[in-house]
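Below: one structure, written as structure tokens.
There are 2 protein chains.
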Amino acid sequence: MEHTIIFQPSGRRGQVPEGTTILEASRRLGVEIEAPCGEQMVCGKCRVKVMEGNFPKEGITSSMSHLSPQDEKELKVLERKESEENVRLACVTKVYGDILIFVPEGSRTGKQIVSKAARKIKVKLKPAVRKYYVELPEPNLDDPLGDFERLEEALAKDHGLKKLTIDYRALQKLPDVARQSDWKMTATVWMDREVIRVEPGKVETNIGLAVDIGSTTCASYLTDLNTGEVLATESMMNPQVRYGDDVMSRITYCMLNENTGLKELQGTIIEGLNTMVANAAKKAGFTTEDISEMTVVGNTAQHHLLLGINPEFMGVAPFTPALHASTDIKAERFGINILPGGNVHVLPIEAGFVGADNVGCLLADEPQKRKEITLLIDIGTNGELILGNKDKLLSCSCATGPALEGAQIEFGMRAAPGAIERIKIDEKTLEPTYRVIGNENWSDGKTNMKAKGICGSAIIDGIAEMFRAGILKKNGNVDMEVKSDRIRMGEKGVAEYVLAWKHETSIDHDIVINQKDVRAIQLAKGALYSGCVIMMRKLGVKSFDRLAIAGAFGSHIDKVAAMLIGMYPDCPLDKVEYVGNAAGDGARIALLNIDKRKEANEVARRVEYVELALEEDFNDRFGEAMQFPHMVDEFPHLKDILPPVK
Amino acid sequence: MEHTIIFQPSGRRGQVPEGTTILEASRRLGVEIEAPCGEQMVCGKCRVKVMEGNFPKEGITSSMSHLSPQDEKELKVLERKESEENVRLACVTKVYGDILIFVPEGSRTGKQIVSKAARKIKVKLKPAVRKYYVELPEPNLDDPLGDFERLEEALAKDHGLKKLTIDYRALQKLPDVARQSDWKMTATVWMDREVIRVEPGKVETNIGLAVDIGSTTCASYLTDLNTGEVLATESMMNPQVRYGDDVMSRITYCMLNENTGLKELQGTIIEGLNTMVANAAKKAGFTTEDISEMTVVGNTAQHHLLLGINPEFMGVAPFTPALHASTDIKAERFGINILPGGNVHVLPIEAGFVGADNVGCLLADEPQKRKEITLLIDIGTNGELILGNKDKLLSCSCATGPALEGAQIEFGMRAAPGAIERIKIDEKTLEPTYRVIGNENWSDGKTNMKAKGICGSAIIDGIAEMFRAGILKKNGNVDMEVKSDRIRMGEKGVAEYVLAWKHETSIDHDIVINQKDVRAIQLAKGALYSGCVIMMRKLGVKSFDRLAIAGAFGSHIDKVAAMLIGMYPDCPLDKVEYVGNAAGDGARIALLNIDKRKEANEVARRVEYVELALEEDFNDRFGEAMQFPHMVDEFPHLKDILPPVK
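As they're listed, the protein sequences go chains A and B.
Quick note on my numbering: the first sequence kicks off at 1 and runs consecutively.
Quick note on my numbering: the second sequence kicks off at 1001 and runs consecutively.
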């Protein structure tokens, strides 16, 4: 007897025989779970969470009884609280029914190699947090001034700082630090107005963390505030994916669970951020307390969820957020584990779903300072567009969904070893060849490539190639009349194209791209394309001078493939620029220069927000854009590589 | 068989037969414990805490095994955490060994009638927190400004407020409040610069809480910030008494328990304050969230303990505190349950143990604005003195101990019904007559007055009378040669004077004042008197123009009796003024007027601190002052009532 098992957040699913352990199942389905102790129930690293509730869409009811019971040995490894929250060890827990499993970030293996690595950014160093060394006169009976007043005088005398206050936590440490260090100490001062830390002796280390909260992926950059250098980069899945893949489902969750939903979602992202904070600090050899400030970008929904603000109203007309401007909140007040008196600086947001991440892109790419017209596409679960130049800037948000990042794709997986990353299809034989991460060679259809799945960028590759080779029709349907044993009707009657035969994989299963995958990509690219079209009309332009593709995933997308499937309007390919994780770069820029924060607030207010859904012709434009290059005329730059008209 | 039982914080102790319940024992010893359900184990109001550890001074070892075990019924009433923390129900727990019991504030009956009631104060209303009503234009697609920016514009337009920020918690509520109230709302603004609350509709209620943290007693005044009116007064024992009666023992506790002591002490006072906050709000019909600000005064040790700052260094030369100036801390940051975004304004401190409470006295009594020289004595567990006028002010702190407040006195108790509050002794017959709180009549030695103990002010009365009647010698010894059946050698060989015979009491025991009580009062008054003498020498004056007695207990002390025992130097009796709880009044003044906060910071820095212990002749002066009026010449104003020289 077999049961269905689904793994979140990857969305991978499949059938496994009754009695299979969750760990075994994960391996068969290409889901990565840590298990360094070799199933000895010692390390506890393979913790997974059994998600409760019904999943009517899939016809699955999950409950604890669909798993083998916990024995004493497992209970020893797990904390009581964990057991209560349905956490299990994947290595020993056996499947006895349909089940939905959430693999927490900490239990996932496979380094994310989608480049969230930091690009070099040029910015003058003018951080909000600075360190000042002072030597204080020791108190005596004739000079019994309080410790802080003593520090205040020294900071005024030696560094010209006036009207200082001191954070509660720093004050608590001051008496001991002063006396331990013989009154020689380093004060960490925020905005030249508040002492937020005191350390004994002379300390120059001054670090901050720039964070980009994406709907699916979060990235953080531990940054040296003295040099601008990135000391460590950490990324993780946004743990809120367990509440839904896109922001709309998370907002819905908040609305349906009025008293607890928002708190849960806020708690979840804060917990995730704290893991990232701890990992980044550890990686670079610091304590979390060494992180004196954090800057955060994210779309408006993520912004509200992070701050614990009801996101309901920014999702409906007239799309007003609770706060447009940037804000500083003491880390301790909402449980972010950096320096307790340190601040979290949340960048300003624009409107609708166009949030601080987009403002980050503006800081990084600066279309507002250019004469030429830029079209900036920030590709994520929520795609954001900017169109304009120094005279005028428009922005909009497109609900692309997570498909472009490889989620909700039948064989989608993270860009980790075993993931297919490049695909070519011979338009004559319709035979594919592909490359797998961790292997230099292209496949030949015979060799076992140990493929496990397809990463985000390769999905676009694959679909573009399928279209170019005539496997897909203009409307996106798999053309079943095309003769190839790779084109077939799959299980559940879904047409599919076999990319890798079972014997080429490590998951003992053919890897396919199916009709559903194509539809998901069509929806995503249609959203982006129609957004571009409407924005261009709004700005009154027929073309743009440069196309900037932002987003960590964006950087890995093949620009030809993306244009071929119609992700964005035609333009000379040499005008297409990958600008990396511009949102994250913006967070770093704001971390390093306070003038840029001011600039961010100004530009955020200048951008005009276009709510696509309110445009009269939105449905028409979207419908058209769902098609594969619907008008060949619109893609003059692709003429040579477009498929033969069938 | 009998066992010794001691009740904290009253310090009452006695022998009870084995098998007596704690509740019964408390009644016999005049300790008040709530028990409204009649020992049915239903209400749980008689919770007491069994304190662990050895008490070598008393030769008592307390442990759980000295009590009857818990049964199921008791366990049902108590929470598991309470049981673990040795909380028991007094009504059913029986004594099977020597034991020390702490009666928490919530379990004590008997209204504290020592007036912590608020005096009328004159102060211009200029509170830090104000309420502003605004009607916001509803957002639409052409005006999609964020909620806060919308509020900001309205507050600027209607009330001239500029450069506002908004507190994190207020921001969280803003979207819902705006839409619930049709964009008509009231913003609570702190210092005209931060929105700390938003409420639907027009709200005028604007309240704050002024708190005086004494070593033994804490008082709080719920105050209407629009009118200055006191809406409710709450007082409680400082729950830190379980760590020691005076601040030095609490500081020692912190030092001996390096990692946990300070946190425990801070947690204890915060928990206590929260009880007071909740009671005050409830009494006046508000929620705790309605309290927008809190001002706090207390001595330097209490100041540091409240803020979680190591108090070690301010207790040793050169007596430097961590911070002299006032400070504002968000209530939420240290767990004070008022409006989460509201501030706790802690008044500035002077030096040594002369803290914010003394600054409060300065705000209330304003000796710094007078031409005449004031001697201000703030009587508490830590007595604080101010001497001076507009030209110069000296301050010092005297470790009086809790005896003047009736603690650590054999039959001392709170000023509650049953407490002896006034005493007279006939100098011929040596027979006393006394009055009991709750009874208009004076005692006659026969009637059952249902006396339970002696309250603080009556102790001073009693000792002054004993001295006047010749029962006490100048050195404070009970004169055993005086013939009276009331003068006798008590248990354990301690001389005593019987104030009330067993049949006059409700505790089935003679009530006495014994030699130990006299010693405790001698130490306290000696500390105050020698402090006055040294301060006068320092200021270069031989007399003062007015004597202000501050402190809630101080207000109930008979000024003649107090001068008679030598608590302060001689002066015309009509120059003695009771100024009530001036420290608490100062907290109220600061709550109502922000200019006064500035004034407080200025005057706190002007006061010159005198560290008595560093004065060469301190021991001599203190030794002399321990005597009863050591030089009759020093008390010309008492000539008529001084005892005959024996």
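Think of the CB as a built atom: it goes at the ideal place given N, C-alpha and C, for glycine as much as any other residue.
All figures in this text were calculated on a predicted structure; none of them were measured in a lab.
Excluding residues up to 5 positions away in sequence, M314, P321, I349, F353, G355 lie with their Cβ nearer than 6 Å to the Cβ of T300/A in the same chain. Secondary structure note for S1395/B: its beta strand (DSSP E) is the uninterrupted segment 1393-1398.
Residue pairing from DSSP places H3/A in a beta bridge opposite V16/A.
Shortest Cα-Cα distance from L1528/B to any of R1179/B, A1403/B, G1383/B, T1217/B involves G1383/B. Here V92/A is buried, its C-beta having at least 16 other C-beta atoms within 10 Å.
Identification of residues in the segment 298-324 of chain A having a C-beta nearer than 9 Å to some C-beta of chain B yields H304, L307, G308, I309, N310, P311, E312, F313, M314, A317, P318, F319, T320, P321, A322, L323, H324, given in sequence order. Within chain A, no C-beta atom comes less than 7 Å from the C-beta of L1612/B; the nearest is roughly 13 Å away.
Here the alpha carbons of V129/A and Y578/A stand approximately 31 Å from one another. For the 8 Å CB-CB criterion, L225/A and D192/A do not form a contact. Sequence-distant partners of L1394/B (beyond 5 residues in either direction) whose C-beta falls short of 6 Å from its own C-beta, in its chain, are L1387, G1388, M1535, K1538, L1539, E1608, V1610.
Annotation: the continuous alpha helix (DSSP H) that includes S1249/B extends over 1247-1256. Taking 8 Å as the cut-off, the Cβ atoms of L1222/B and Y1243/B do not count as close.
Assigned with DSSP and collapsed to three states, Q627/A falls in coil, not helix or strand. Under the Cβ criterion of 8 Å, F148/A is counted among the residues facing chain B.
Assignment of Y529/A by DSSP, reduced to helix, strand and coil, places it in the helix class. Contact between T1165/B and K1094/B does not hold, since their C-beta atoms are separated by about 59 Å, which reaches or exceeds 8 Å. Taking 8 Å as the upper bound for CB-CB distance, V1346/B and H1304/B are not in contact here, some 10 Å apart. Fewer than three beta-carbon pairs drawn from the segment 1438-1454 of chain B and the segment 1480-1498 of chain B are found closer than 8 Å, and the two stretches are therefore not classed as touching.
Residues of chain B whose Cβ lies closer than 9 Å to the Cβ of D176/A are, in chain order, N1310, E1312, F1313. Q172/A reaches chain B at L1262, L1307, G1308, I1309, N1310, A1322, counting residues in chain order whose Cβ is nearer than 9 Å. Listed along the chain, the chain B residues whose CB falls inside 7 Å of the CB of E332/A are R1333.
In terms of beta-carbon proximity, Y168/A lines the interface with chain B, with at least one pair separated by less than 8 Å.
Within the segment 506-534 of chain A, no residue places its CB atom closer than 9 Å to a CB of chain B.
Sequence-distant partners of E1599/B (beyond 5 residues in either direction) whose C-beta falls short of 8 Å from its own C-beta, in its chain, are L1363.
When the Cα atoms are used, K474/A and K73/A turn out to be separated by approximately 57 Å. Of all C-beta pairs linking the segment 508-524 of chain A to the segment 539-557 of chain A, fewer than three are shorter than 8 Å, placing the two stretches out of contact. Contact annotation, V195/A with L151/A: C-beta distance approximately 7 Å; criterion of less than 8 Å satisfied.
Under the Cβ criterion of 8 Å, N1140/B is counted among the residues facing chain A. At a cut-off of 8 Å between C-beta atoms, I1329/B counts as an interface residue with respect to chain A. In this structure, C1396/B sits away from L1155/B, with a CB-CB distance that is not shorter than 8 Å. Judged by DSSP secondary structure, V277/A falls within the alpha helix (DSSP H) whose first and last residues are 261-284. Two segments are said to touch when three or more pairs of C-beta atoms, one from each, lie closer than 8 Å; by this definition the segment 1202-1214 of chain B does not touch the segment 1561-1579 of chain B. Closest by C-alpha distance to E1229/B, out of R1588/B, A1419/B, M1626/B, is R1588/B. Proximity of chain B to A351/A at the Cβ level (cut-off 7 Å) is accounted for by P1144, in chain order. Closest option to I1377/B, judged by alpha-carbon separation, among G1019/B, V1533/B, S1326/B: V1533/B. Interface annotation for the segment 420-443 of chain A against chain B: empty, criterion Cβ-Cβ distance under 9 Å.
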